[in-house]
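Residue numbering for the sequence shown follows numbering that gives the first Met the number 0, starting at 0 and increasing by one per position.
C-beta atoms are modelled at their ideal positions from N, C-alpha and C, and glycine is treated no differently.
Note that the coordinates shown come from a computational prediction; the quantities given were computed from them, not determined experimentally.
Notes follow once the structure below has been shown.
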Amino acid sequence: MPKIISANRLADGIVVYAGRDGSWSGRLSEAKVFVSPAEAEAGLLLAQDDTKRNLVVEPCVVEVIEGASGLRAVTLRETIRARGPTIDFLPRMRAFAFEADPPPGNGPKPKTKALLRIPRSEDAREHELIAMAGSRDDIAR
Numbered sequence: 000m001p002k003i004i005s006a007n008r009l010a011d012g013i014v015v016y017a018g019r020d021g022s023w024s025g026r027l028s029e030a031k032v033f034v035s036p037a038e039a040e041a042g043l044l045l046a047q048d049d050t051k052r053n054l055v056v057e058p059c060v061v062e063v064i065e066g067a068s069g070l071r072a073v074t075l076r077e078t079i080r081a082r083g084p085t086i087d088f089l090p091r092m093r094a095f096a097f098e099a100d101p102p103p104g105n106g107p108k109p110k111t112k113a114l115l116r117i118p119r120s121e122d123a124r125e126h127e128l129i130a131m132a133g134s135r136d137d138i139a140r
């Protein structure tokens, strides 16, 4: 079964393939195809040299199928690596219009006024003194 060499580019993590001219390509269609296992191992040794030069990381041999539409990876993992994420990772439009009223209960809380509460004194004499003096501070003097 034909094989190619796949790795991740160290600079940005993009999946790359060992190309026909010895460079790394981001396209599976530009990958060099190795027919025998011995050729694939030799290609992997060259790719590991690029790992030492900090160009790529984790080079590996990947089995592919040559079809009418070009090269295609055999395993699901490598197919996902070649085609990209299986989910839509771009942000979506909001489910409601910006001018629409928000759902009930999610709006801003009503503003409340702060109240100063003075504790009531049970002692009638203290009430009398406060009333005569005007405030508790005057009593303390």
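Distance between residue j and residue i (C-alpha atoms, nearest Å)
i: residue 87; j: residue 79; result: 13 Å
i: residue 1; j: residue 69; result: 12 Å
i: residue 85; j: residue 74; result: 15 Å
i: residue 14; j: residue 33; result: 18 Å
i: residue 59; j: residue 6; result: 6 Å
i: residue 65; j: residue 45; result: 23 Å
i: residue 10; j: residue 57; result: 13 Å
i: residue 54; j: residue 18; result: 14 Å
i: residue 83; j: residue 110; result: 50 Å
i: residue 77; j: residue 61; result: 7 Å
i: residue 25; j: residue 35; result: 23 Å
i: residue 47; j: residue 20; result: 16 Å
i: residue 51; j: residue 8; result: 13 Å
Boundaries of the beta strand (DSSP E) in which residue i is found, first to last residue
i: residue 70; result: 69-72
i: residue 5; result: 2-8
i: residue 14; result: 14-17
i: residue 21; result: Where residue 21 is concerned, there is no enclosing beta strand (DSSP E), given that its DSSP letter is neither H nor E.
i: residue 64; result: 55-66
Buried versus exposed call for residue i [16 or more other C-beta atoms within 10 Å across all chains shown]
i: residue 63; result: buried
i: residue 12; result: exposed
i: residue 81; result: buried
i: residue 42; result: buried
i: residue 67; result: exposed
Residue interval of the alpha helix (DSSP H) (run including residue i)
i: residue 51; result: 36-51
i: residue 81; result: 75-82
Presumed contact (8 Å Cβ cut-off) between residue i and residue j, rounded CB distance
i: residue 37; j: residue 16; result: Incorrect: roughly 19 Å between the Cβ atoms, too far for contact.
Among the options, the one whose alpha carbon lies nearest that of residue i
i: residue 27; options: 4, 54 and 46; result: 4
i: residue 49; options: 22, 77 and 40; result: 22
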